[in-house]
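Student: Those letters in the sequence shown? Residues 1477 to 1856, by this note's numbering. Let me begin by handing over the structure; questions about it come next.
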Amino acid sequence: MTAAARIRRLTLTDFRSYRTAQIDIDAPGPVVLTGPNGAGKTNLIESISFLTPGRGFRRATLEDVARDGGDGGWAVSTEIDGMLGLATLGTGIEPSRTDTAPARRSRIDREPVTSAAAFADHLRIIWLVPAMDALFNGPASERRRFLDRLATSVDANHSGRVNAFDRALRSRNRLLETPNSDPQWLDAIERETAELAVAVAAGRAETVARLQAALAREPAADMPFPSAAIALDGWIESLLGELPATEIEDRYRAALRGSRARDAAAGRTLEGPHRSDLRVTHIAKNTPAADASTGEQKALLIRLVLAHAGLIADMTGHAPVLLLDEVVAHLDPNRRAALYDALAALGAQVFITGADPAAFGDIAARASVFEVSPGTVARR
């Protein structure tokens, strides 16, 4: 039977609108955060998203989440019952004393770890937030970022490979901008770029294959959340499974060498997995998700997130923590009830925000409900 990683206590210090805040969660049901718009509900669950690699679900800089009027530092601490048992996870920055950007610090049981990627041994976290509503109609970069988050929750090292690939591309672009740049330096950086490119593409492809299999296992008939098919669109990804990784690296390295003049003129590298796209199809209508209605797109996105949560549970033996920001307010009663049923079946700990307490009437009896007002949070 699948277990669930759970946050038992969340403590914030100088994070966003909170000077200090703490919530204790002693029941297994959903965690509901209600309160007026602007009260700080999203800030609370954003703090949990910092227990993953990266900059949280708002993609904020480390300095941006420090409380206005504070000393510039901030901290998020959680006591969890996770995949390795009870643990304390913490992250944040110290007040900066210089003009240098502060370094993020992460700790497990008060001992320093190299990065937040180490938290993945204890719990996985995924989210669905309003900014994702435009995922299917927005630029390909947003879909790649979405896919990379999915891949990172499957393999915590994926984000490091993506960051290293981005750095390699920037280094190559700088060399191309330099007149009479050393060809040997370009050869070296292109070799590194090709190796990282194939590793990133392979991580994405594996996640897509696993997620597509999870989607295919779910019943398709008469579901409020429509069936979806997903695929990667990119020439490197299309070769995976057909050729050895080393041969694909050689091909991409040759493509980089042959496009130096064109890339120098463009000011960027024009080929590679940083140009790939995630294609999502509404199966019942056999149409791209981008052509579906707004409501159908939301339902497709929920379907993907639920399938991904199930995939993580199957792979790790523990359901992930889910962060759902202002999701249920935009669902009709049928889909709202279906979402609650799916979450209950998954068994995951779920943090749900919403301004209208009535939207949570179906789960209020089994939920931990907190009332959020500016700077404070209290159990109802």
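Even glycine gets a Cβ: it sits at the ideal position worked out from N, Cα and C.
Does P1709 pass the burial test, meaning 16 or more other C-beta atoms within 10 Å, or should it be called exposed?
Tutor: By one-based count along the sequence shown, residue 1709 stands at place 233. For the record, residue 1709 in the displayed sequence is Asp; it is not Pro. Under this definition D1709 is an exposed residue.
Student: How far does the beta strand (DSSP E) with L1509 in it extend, from its first residue to its last?
Tutor: The count along the sequence shown starts at 1 and reaches residue 1509 at position 33. Looking at the DSSP string, the run of the beta strand (DSSP E) that includes L1509 is V1507 to T1510.
Student: Exposed or buried, N1519, counting other C-beta atoms within 10 Å across all chains shown (16 or more means buried)?
Tutor: In the sequence shown, residue 1519 corresponds to position 43, counting from 1. Label assigned to N1519: buried.
Student: Taking only three categories from DSSP, how would you classify F1701?
Tutor: By one-based count along the sequence shown, residue 1701 stands at place 225. The answer is coil: DSSP assigns F1701 none of H, G, I, E or B.
Student: From this set, V1797, P1529 and A1766, which residue's C-alpha is nearest V1781's C-alpha?
Tutor: Within the sequence shown, the letter at position 305 stands for residue 1781. Closest option to V1781, Cα to Cα, is V1797.
Student: Under 6 Å: does the beta carbon of L1746 sit that close to some heavy atom of the ligand SAH?
Tutor: Annotation note on the ligand SAH: not contained in the displayed structure, which lists no ligands.
Student: State the start and end residues of the unbroken beta strand (DSSP E) segment that holds H1758.
Tutor: Here residue 1758 corresponds to residue number 282 of the sequence shown, with the count starting at 1. Where H1758 is concerned, the enclosing beta strand (DSSP E) stretches over D1753 to H1758.
Student: Where does R1586 fall in DSSP's three states?
Tutor: Taking the sequence shown and counting its residues from 1, the one referred to as residue 1586 is at position 110. Of the three classes helix, strand and coil, the one that applies to R1586 here is coil, per DSSP.
Student: Could you check if R1619 is buried or exposed, using at least 16 other CB atoms within 10 Å of its CB as the buried criterion?
Tutor: If you number the sequence shown from 1, residue 1619 lands on position 143. It counts as buried.
Student: To the nearest angstrom, report how far apart D1575 and A1542 are at their CA atoms.
Tutor: Locating residue 1575 in the sequence shown gives position 99, where the first residue counts as 1. Locating residue 1542 in the sequence shown gives position 66, where the first residue counts as 1. Rounded to the nearest angstrom, the two C-alpha atoms are 16 Å apart.
Student: Would you kindly work out how many angstroms separate the C-alpha atoms of A1854 and G1636, rounded to a whole number?
Tutor: Within the sequence shown, numbered from 1, the residue matching residue 1854 stands at position 378. Within the sequence shown, numbered from 1, the residue matching residue 1636 stands at position 160. Near 37 Å, if we compare the C-alpha coordinates of G1636 and A1854.
Student: Taking the straight line between their C-alpha atoms, what separation do you get for F1846 and I1712?
Tutor: For this step, residue 1846 is matched to residue 370 along the sequence shown. For this step, residue 1712 is matched to residue 236 along the sequence shown. F1846 and I1712: Cα-Cα distance of roughly 48 Å.
Student: Looking at C-alpha atoms only, which residue of G1532, A1835 and L1819 is the closest neighbour of P1809?
Tutor: Walking along the sequence shown from the start, residue 1809 turns up at place 333. Nearest of G1532, A1835 and L1819 to P1809, Cα basis: A1835.
Student: Closer than 8 Å by C-beta to D1698: which residues in its own chain qualify, once you throw out the five before and the five after it? Chain order, please.
Tutor: Translated into positions along the sequence shown, residue 1698 becomes position 222. Because D1698 carries a pLDDT of 49, less than 50, the predicted location of this residue cannot be relied on, and the following value inherits that uncertainty. Cβ neighbours of D1698 beyond the five flanking positions: none.
Student: Could you name the residues of the same chain whose beta carbon sits closer than 7 Å to that of E1587, not counting the 5 residues immediately before and after it, in chain order?
Tutor: Looking up residue 1587 in the sequence shown gives position 111. If we look at E1587 and ignore the five residues flanking it on each side, it has no Cβ neighbours.
Student: Alpha carbon to alpha carbon, how far is F1641 from L1746? Give it in angstroms, no decimals.
Tutor: Looking up residue 1746 in the sequence shown gives position 270. Looking up residue 1641 in the sequence shown gives position 165. Their backbone Cα atoms lie some 14 Å apart in a straight line.
Student: Please state the DSSP three-state secondary structure of G1614.
Tutor: By 1-based counting over the sequence shown, the position of residue 1614 is 138. Correct three-state label for G1614: coil.
Student: Using a Cβ-Cβ cutoff of less than 8 Å, which residues in the same chain neighbour R1736 once the five nearest sequence positions on both sides are dropped?
Tutor: For the purposes of this step, residue 1736 is taken as residue 260 along the sequence shown, with counting starting at 1. Cβ neighbours of R1736 beyond the five flanking positions: L1652 and L1662.
Student: With DSSP as the reference, label H1598 as helix, strand or coil.
Tutor: Counting from one through the sequence shown, the residue named residue 1598 turns up at place 122. Looking at H1598 - three-state DSSP - the assignment turns out to be coil, as it is neither helix nor strand.
Student: Grab me the residues of P1764's own chain with a C-beta within less than 8 Å of its C-beta, minus the 5 sequence neighbours each way, in chain order.
Tutor: Stepping through the sequence shown from its first residue, residue 1764 is reached at position 288. Taken in chain order, the residues that qualify are F1612, R1755, V1756, T1757 and H1758.
Student: Counting along the chain, where does the beta strand (DSSP E) carrying Q1498 start and finish?
Tutor: Counting from one through the sequence shown, the residue named residue 1498 turns up at place 22. From DSSP, the beta strand (DSSP E) with Q1498 extends over Y1494 to D1500.
Student: Kindly indicate which residue of H1598, Q1773, S1553 and A1593 has the alpha-carbon position closest to the one of L1562.
Tutor: Taking the sequence shown and counting its residues from 1, the one referred to as residue 1562 is at position 86. Of the listed residues, the one whose Cα sits closest to L1562 is H1598.
Student: At which residues does the alpha helix (DSSP H) containing V1684 begin and terminate?
Tutor: If you number the sequence shown from 1, residue 1684 lands on position 208. Counting along the chain, the alpha helix (DSSP H) containing V1684 begins and ends at P1659 to R1693.
Student: So what does H1794 bridge to, in DSSP terms?
Tutor: Position 318 of the sequence shown, counted from the start, is the residue given in the question as residue 1794. DSSP output for H1794 lists A1479 as bridge partner(s).
Student: Following the continuous beta strand (DSSP E) through D1817, name the residue where it begins and the one where it ends.
Tutor: Looking up residue 1817 in the sequence shown gives position 341. Secondary structure note for D1817: it is in no beta strand (DSSP E), and the uninterrupted alpha helix (DSSP H) holding it is P1809 to L1822.
Student: With DSSP as the reference, identify every bridge partner of V1552, one or two as the case may be.
Tutor: The count along the sequence shown starts at 1 and reaches residue 1552 at position 76. According to DSSP, which records beta bridges pairwise, V1552 is partnered with L1488 and T1567.
Student: Kindly identify the DSSP beta-bridge partner or partners of I1706.
Tutor: Here residue 1706 is taken as the residue at index 230 of the sequence shown, counted from 1. BP columns for I1706 point to V1756.
Student: Just checking: is the beta-carbon of R1482 within a distance shorter than 7 Å of some beta-carbon in chain C?
Tutor: Going by chain labels, chain C is absent from the structure shown, which holds only one protein chain.
Student: Since G1830 is in the beta strand (DSSP E), which residue starts that stretch and which ends it?
Tutor: As a working note, residue 1830 is residue 354 in the sequence shown. Judged by DSSP secondary structure, G1830 falls within the beta strand (DSSP E) whose first and last residues are V1826 to G1830.
Student: When you compare only the Cα positions, how much space is there between G1614 and A1536?
Tutor: For this step, residue 1614 is matched to residue 138 along the sequence shown. For this step, residue 1536 is matched to residue 60 along the sequence shown. Their Cα atoms are separated by approximately 19 Å.
Student: Taking the runs of the beta strand (DSSP E) that are 3 residues or longer, which of them lie wholly in the segment 1731–1781?
Tutor: 1753–1758
Student: Please list the terminal residues of the continuous alpha helix (DSSP H) segment that includes R1648.
Tutor: Walking along the sequence shown from the start, residue 1648 turns up at place 172. First-last of the alpha helix (DSSP H) with R1648: H1634 to E1653.
Student: Using CA atoms only, rank isn't needed, just tell me which of T1510, L1560 and W1550 is closest to R1482.
Tutor: Position 6 of the sequence shown, counted from the start, is the residue given in the question as residue 1482. Taking only the C-alpha atoms, the option nearest R1482 is L1560.
Student: Between the beta-carbon of R1600 and the beta-carbon of I1788, is there less than 7 Å?
Tutor: For the purposes of this step, residue 1600 is taken as the residue at position 124 of the sequence shown. For the purposes of this step, residue 1788 is taken as the residue at position 312 of the sequence shown. Cβ distance < 7 Å, so R1600 and I1788 count as in contact.
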